[in-house]
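Residue numbers (our numbering): 232 to 467.
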């Protein structure tokens, strides 16, 4: 549950940063850079703390079947995005003027890491239930735009912060969708009743064993010779 809450916090911060970039992209870039750095630092710190807490209890939350297949719960994924957010946030907050011109590239790199993290989460969910293709396409969009902002920035040269801002909003929405998906899967497997099939099978297979033992005892008693009693020996 802590991981899901952390996902919602990260999504909310991403949406807030995206809205700020869309609304105030041309004004007061310096203080906006500092604010973005503080938000990145906070969300990265929360991600790392949550990972350390969940790592201690990972055996209590992950359930496997007899074949070793994971059927419930998730192992906490390494906070790649969290560590990157902490480093980025500290740099942006302490040296905003140095990175004002490269703000687009920095946020694009965070978007790429975030998209990779979403693929990891979807792969974990897909081990339990099948994930629809639309859930795979959404992080592909984020990854594509982040890659364009770094490799071909001239494609979005007219309004780079505007495009990156909307991409951050999209990333936040996808994070919320993935969090709801994780909650739904966990709730489904926690409420699933125990199947009586295995119990019935054990009882059914136990009955023939008891019958076979009874048959063996009967056969042994029939084959065993009967000794005459003392009265019968005197009569003889």
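In this text, a Cβ means the ideal position worked out from N, Cα and C, and glycines have one as well.
Query	Result
Leaving aside the five residues before and after residue 428 along the sequence, list all residues of the same chain whose C-beta is less than 6 Å from its C-beta, in chain order.	Low confidence applies here, because residue 428 scores a pLDDT of 44, under 50, leaving its location unreliable and the question unanswered by this model.
Do residue 275 and residue 479 come within 9 Å of each other at the CB atom, strictly closer than that value?	The requested residue 479 is not part of the displayed model; the chain covers only 232 to 467.
For residue 238, collect the residues of the same chain with a Cβ closer than 6 Å to its Cβ; drop the 5 residues on either side in sequence, then sort them by chain order.	406, 410
Using 8 Å as the Cβ pair cut-off and three pairs as the minimum, do the segment 340–360 and the segment 389–405 touch?	yes
What is the DSSP secondary structure of residue 317, counted as helix, strand or coil?	helix
Using only CA atoms, which one of 386, 350, 251 lies nearest to residue 363?	350
According to the neighbour-count rule (16 or more other Cβ atoms, all chains shown, within 10 Å of its Cβ), is residue 270 buried or exposed?	buried
Can you name, in chain order, every residue of its own chain whose Cβ lies under 8 Å from the Cβ of residue 251, other than the five neighbours on each side?	263, 266, 267, 396
How big is the Cα-Cα spacing for residue 357 and residue 366?	11 Å
Just to confirm my understanding: we take residue 242, look at its own chain, exclude 5 residues before and 5 after, and list those with CB closer than 6 Å. What are they?	403, 406, 407
Can you tell me the Cα-Cα spacing of residue 249 and residue 279, whole angstroms?	22 Å
Under a Cβ-count criterion, where at least 16 other Cβ atoms within 10 Å of its own Cβ denotes burial, should residue 384 be classed as buried or exposed?	exposed
Can you have a look at residue 377 and say buried or exposed, based on whether 16 or more other CB atoms are within 10 angstroms of its CB?	buried
For a test of the three-state rule: what should DSSP assign to residue 360, helix, strand or coil?	coil
DSSP on residue 326, reduced to helix/strand/coil?	coil
Leaving out five residues on either side along the sequence, give the residues of the same chain with a beta carbon under 6 Å from the beta carbon of residue 369.	405
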